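Here the structure comes first, spelled out in structure tokens, and everything after it is commentary.
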Amino acid sequence: GEDVEQSLFLSVREGDSSVINCTYTDSSSTYLYWYKQEPGAGLQLLTYIFSNMDMKQDQRLTVLLNKKDKHLSLRIADTQTGDSAIYFCAESLISGYSTLTFGKGTMLLVSP
Amino acid sequence: DAMVIQNPRYQVTQFGKPVTLSCSQTLNHNVMYWYQQKSSQAPKLLFHYYDKDFNNEADTPDNFQSRRPNTSFCFLDIRSPGLGDAAMYLCATSRLGEFEAFFGQGTRLTVV
């Protein structure tokens, strides 16, 4: 079955690193994603990783994928107050489509 | 700028009164999606279209229907809204075979 789990809340200080974790259950996922949602806004794609990769780095963002444990993480280096938002982990099961199964989201609060 | 536009941003409807939410896109993407996001929950896929081919998720309530009259527009019809249908409704588009979906800002539906 499809299920994506995330911790609900993370609080960090500005300048620290943030690590948001996610577990998923379906090993046939093709792509795994991290989306960001600011208050009142839609979902913005932050980064993604293909299921045959185990790491991807994109500026301040590092995604780690452990397929054996079905664990995905997002590390944000040098976290800024503007990074405060809800972060959603999502998996795509159907190749070619963005028919996404989302987690409930992790609220990241960055304090000055 | 090319984008996904949802109108209106906020919609209030009466219990049992049919309501239609709209989505338009200037990206010329061939796949469109409707997601429902209830408060503090994960966005959940309701439908998706590849061109005019309609795909209904198995657990999407019969009360929800969708129309896609052309590439640019997609509508979500809720025949008899109940209090439990209050949510943010997110429209997204993608090009078949590409990994990224583009989301609109959502329509927040209130049922009174």
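Protein chains in written order, with this note's numbering: chain A, 1 to 112; chain B, 113 to 224.
Yeah, the Cβ is synthetic: ideal placement off N, Cα and C, and Gly gets one too.
From a predicted model like this one, the values you see are computed outputs, not experimental measurements.
Check, Outcome
"Compute the minimum distance between the beta carbon of Gln-59/A and the heavy atoms of the ligand COA, and state whether it is under 7 angstroms.", "Among the ligands in the structure shown, none appear at all, so the ligand COA cannot be discussed."
"Give the straight-line distance between the Cα atoms of Arg-75/A and Glu-14/A, rounded to the nearest whole angstrom.", "14 angstroms"
"Nearest to Thr-79/A by CA position, among Asp-3/A, Tyr-31/A and Val-19/A, is which residue?", "Val-19/A"
"Beta-carbon within less than 8 angstroms of Leu-93/A's beta-carbon, same chain only, minus the 5 sequence neighbours each way: which residues are those?", "Glu-2, Asp-26, Ser-28, Ser-29, Thr-30, Thr-99 and Thr-101"
"Tell me the rounded alpha-carbon separation between Phe-175/B and Ile-190/B.", "The sequence shown places Asn at residue 175/B, not Phe. About 6 angstroms."
"Can you say whether Glu-38/A is buried or exposed, counting buried as having 16 or more other CB atoms within 10 angstroms of its CB?", "exposed"
"Going residue by residue through the stretch 25-110 of chain A, where are the continuous beta strand (DSSP E) segments of at least 3 residues, counting only ones entirely within it?", "31-37, 43-50, 55-58, 61-66, 71-76, 85-92 and 100-102"
"Cα separation between Gly-40/A and Gln-153/B?", "15 angstroms"
"Using beta-carbon positions only, say whether Ser-73/A and Leu-108/A come within less than 8 angstroms of one another.", "no"
"Which residues mark the beginning and the end of the beta strand (DSSP E) in which Glu-5/A is found?", "4-6"
"Classify Ser-17/A: buried if its beta carbon has 16 or more other beta carbons within 10 angstroms, exposed otherwise.", "exposed"
"Report yes or no: is there a C-beta of chain B within less than 8 angstroms of the C-beta of Phe-9/A?", "no"
"Helix, strand or coil for Leu-208/B per DSSP?", "coil"
"Between which two residues does the beta strand (DSSP E) containing Leu-139/B stretch?", "Where Leu-139/B is concerned, there is no enclosing beta strand (DSSP E), given that its DSSP letter is neither H nor E."
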